[in-house]
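A.B. asks: Numbering follows this note's numbering, in which position 31 of the sequence shown is assigned residue number 31; successive positions increment by one, without gaps.
Pasting a structure here, questions to come.
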Amino acid sequence: MEKYISEDNELPLKERIIVKFHFWLKGISLSEERGFGLDPSNVTVEKFPLMVGTIPNLRLKRVED
1 MEKYISEDNE
11 LPLKERIIVK
21 FHFWLKGISL
31 SEERGFGLDP
41 SNVTVEKFPL
51 MVGTIPNLRL
61 KRVED
């Protein structure tokens, strides 16, 4: 399973830099498939969003037609 940063996160500048640095390190490091010695043709990678911050409450208004 591979995570990616969700666009719904509203992080302060410091935390955004830390998260970008984390993903940069992950990009230049050894992949998990190669680390475990797996054949890449037999590996399925699932991606899921990484939710770091809280999502603000959105006020929804019902529109009647």
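Ideal Cβ placement from N, Cα and C applies to all residues, glycine included.
I need the boundaries of the beta strand (DSSP E) containing K14, first residue and last residue.
C.D. replies: Where K14 is concerned, there is no enclosing beta strand (DSSP E), although the alpha helix (DSSP H) it sits in stretches over L13 to I28.
A.B. asks: Just the C-alpha distance for D39 and L25, rounded to the nearest angstrom, thanks.
C.D. replies: 23 Å
A.B. asks: Quick test of your reading: K47 and Y4, contact by CB under 8 Å. State the CB separation rounded to the nearest angstrom.
C.D. replies: With a Cβ gap of about 6 Å, K47 and Y4 count as contacting.
A.B. asks: Could you please give me the residues that DSSP links to L58 through a beta bridge?
C.D. replies: Paired residue(s): none; L58 is not in a bridge.
A.B. asks: Taking DSSP as the reference, what is the three-state secondary structure of E33?
C.D. replies: Helix, per DSSP.
A.B. asks: On the DSSP bridge assignment, give the partners of P49 in chain order.
C.D. replies: Y4
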